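Residue numbers (this note's numbering): 16 to 871.
Glycine included, every Cβ here is placed at the ideal spot set by N, Cα and C.
None of these values were measured; they are calculated from a predicted model.
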């Protein structure tokens, strides 16, 4: 596995001698000069030089002295340093840095670059820019994703380099924590050949070495071993997890292959790949397989291991790659027991282990006709893990027309007439889907069970402002569905229901409806002359709507038929099995209502000295961000059917500067129940009650230390700016951090607390369901190098803890040391992990919570 880092040499340097008293320097400003080619020097190109501080020229010896951010350019050779001496007689350039007398730090080191080779930083150097021969001291350079430091480095005219006492490491400190010590070596554009080399950790040589080394230098990524994690799992035993190999196939592709072994016979394997083409697309896929032995050795469960797999694929396309066309993919499919049996791939993440569904979507979109029409198509999949059901859409598509105003004129002069505000739209939807089980998915008759259909929708709408304070909206909806088959039911008294026959042939079903709505706003304000509270404002938004739909169950439409059953005559829709269903039965003519409330306050923060004494600068305080009540009254409801729907309410608010969020919802019913718990037509008010509560839920989310998280995001942005033009691997690592910052342990955030509380209450005539859970997580920095992270929860109904996990992280700068412990439950385990850290994570002071290549 390769990493790109920055490092600085700690070798002895040649420091500049003090300037002589008779030295004459130019004024302190940037000077730019060029020496033309001359026969005396044999130059074939110009030598250009600049200096920010001063330039001194010695005409006797033909030497130029450059001070302060000096720079020379000759052909493809570039040299930058704090001090450069340019000897034009001998074609020699000598460069070095300087020691700051206040800090005693050596800075302004020479950096030279030639052609397409990576830049090389030295403490000092002498270079013949004509013969390309040179000698450097205290060298470090980017080599194969790491950095090579050497005490001495020589270069001949054949583009060959010779170095002594070198060390190769990915650590970006002047004194690296670890590395491969190389006694001597030779470097050219194709390979690196070394003498004896051995591993050194914290200045301690280890008995791991080679008598010589040969390393090719292809112009592409290389590969390397991925070290495993060791630990113990309660069910599967001791493990060696995620041993593998990384293949850097090219600048556009890389692959990581991993395997895990457990002492009780279980094993896992995975293949993960990423791809990216700049300014066009990027993505990745992951194939995982697991064989898990459960139970006690000798039992059937142990002898017949569970075989599970999981497939993920993500693909995104840049908008500028193909304007007007989009393509994306997000695939997550596999066996329902994979996450449970593998403890979510060894992460022991509660959300991943307890997830009950998987979904996938591959979509394509196209805009045409100058933006008038938008076409989208997708292949999608949804999988319920507990039930073992699979729902496939292969495919769905839609064609949508931008809303137009048919009676308006783009060259209109003056305000719109009321009829010019009429708008019209059109949409077409198509679908081909199936709902089956995992074990029946690949059976021979599966594709005969697909349901297909087309649906057209034409909305016509009008929106007007009435009497200045009211908003009036009216619309007519026309919907038509096309099918290639319908159903017919015939009596069958020897089974549990009527027999169903499928009738092939084209059939169309249509329906239409009318709706109108009226809304306004009322404002109420209470001002306070004294105290920190300046005012409270209450905004009420009431709305009324009228909806009408004919009874499409009448015989004249032909959409419904009767069938004789054991319970009498039953009416059914011939489009009952259609993908979009059929028109609704029963006439609907009623009024819907909704009342929305918002309450907020204004707090005085400080007196405004630039205005009058009574003027103060204030900020808003959300007291109740939303409280709404809604319902519907159907005048055309059949006899013995309640006309008033249930009353739904919901609300939300936040406290402590949005750190504590509160959401609640509920349902009221104004009717009585019969002995079977069904709604009757008798109001509760006759019994002295206004309504009964049938459902209530409450959830809170407490997230503290958002200011530190804000600083983290600012840090990410700053590093993102500095890494522009960085290596593809650095760019991918930073993109992964930006997509999911919570997947990393941030040592810049001293502590963080997150708590979630959920409560639900559902009473009924026979029983009452109450759920009451608390989940909490967080982390805190014990020392600047140690961090503790925890996740747990408590179920008050079952009176037990949920999945609990503790993790300890140690920042070793270029290494990651972590200890993870799950003390209770089915997934009781522990693991110890030591890994080389990526350079980007070193710059951000982040540690990866999970394996580097398990997410894209």
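Asked	Found
Please classify residue 590: does DSSP put it in a helix, a strand, or coil?	coil
What span of residues does the beta strand (DSSP E) with residue 71 cover, start to end?	69-73
For residue 477, which residues in the same chain have their Cβ closer than 7 Å to its Cβ, ignoring the five residues on either side in sequence?	436, 437 and 489
Determine whether the beta carbon atoms of residue 102 and residue 87 lie at a separation below 7 Å.	no
Going by other Cβ atoms of all chains shown within 10 Å of its Cβ, with 16 needed for buried, is residue 701 buried or exposed?	exposed
Report all residues from its chain with a CB closer than 6 Å to the CB of residue 821; omit the five preceding and five following residues, and keep chain order.	805 and 836
With a threshold of 16 other CB atoms inside 10 Å of the CB of residue 170, please say whether the residue is buried or exposed.	buried
So, with DSSP's three-state summary, where would you put residue 294?	coil
Using the Cα positions of residue 2 and residue 791, report the straight-line distance between them to the nearest angstrom.	No statement about residue 2 is possible, as the shown extent of the chain runs from 16 to 871 and does not include it.
Determine the burial state of residue 484: buried for a count of at least 16 other Cβ atoms within 10 Å of its Cβ, exposed for fewer.	exposed
Hey, could you find the ends of the alpha helix (DSSP H) residue 356 is sitting in?	353-356
Can you name the residues that DSSP bridges to residue 327?	301 and 347
Does DSSP put residue 598 in a helix, a strand or coil?	coil
Report the three-state DSSP secondary structure of residue 335 (helix, strand or coil).	helix
Residue 717 and residue 675: beta carbons closer than 7 Å?	yes
Check residue 222 in the structure and name its three-state DSSP category.	strand
Tell me the residue span of the alpha helix (DSSP H) that contains residue 315.	315-318
Helix, strand or coil for residue 464? Go by DSSP, reduced to three states.	helix
From residue 348 to residue 466, what does the alpha carbon distance come to, in whole angstroms?	22 Å
Check whether the Cβ atoms of residue 416 and residue 383 lie closer than 7 Å to each other.	no
Looking at residue 598 and residue 669, is the spacing between their C-beta atoms short of 7 Å?	no
Do residue 496 and residue 468 have their C-beta atoms closer together than 7 Å?	yes
Determine which residues share a DSSP beta bridge with residue 519 and list them.	500
For residue 248, does the three-state DSSP call read helix, strand or coil?	strand
Assuming residue 651 and residue 683 form a contact by the criterion Cβ under 8 Å, report the distance between their Cβ atoms to the nearest whole angstrom.	The pair is not a contact, with the Cβ atoms about 23 Å apart (cut-off 8 Å).
Helix or strand or just coil, what does DSSP make of residue 839?	coil
Three Cβ pairs or more, each shorter than 8 Å: is that satisfied between the stretch 582-593 and the stretch 647-664?	no
Measure the alpha-carbon distance for residue 270 versus residue 121 and round it to whole angstroms.	42 Å
Please state the DSSP three-state secondary structure of residue 434.	helix
Within 10 angstroms of the Cβ of residue 802, are there 16 or more other Cβ atoms? Answer buried if so, exposed if not.	buried
Among the residues of its own chain, which have a CB less than 7 Å from the CB of residue 618, if the five just before and after it don't count?	547, 548, 549, 633, 634 and 636
Whole angstroms is fine: what's the gap from residue 242's alpha carbon to residue 285's?	15 Å
What is the rounded straight-line gap between the Cα of residue 250 and the Cα of residue 315?	16 Å
With a threshold of 8 Å, are at least 3 pairs of Cβ atoms found where one atom belongs to the stretch 375-382 and the other to the stretch 393-403?	yes
Let's see if you can read the secondary structure: which residues bound the beta strand (DSSP E) around residue 885?	The structure shown does not extend to residue 885, since the chain is modelled only from 16 through 871, so no value can be given for it.
Note the first and the last residue of the continuous beta strand (DSSP E) segment covering residue 123.	That residue, residue 123, is in no beta strand (DSSP E); it is neither H nor E in DSSP.
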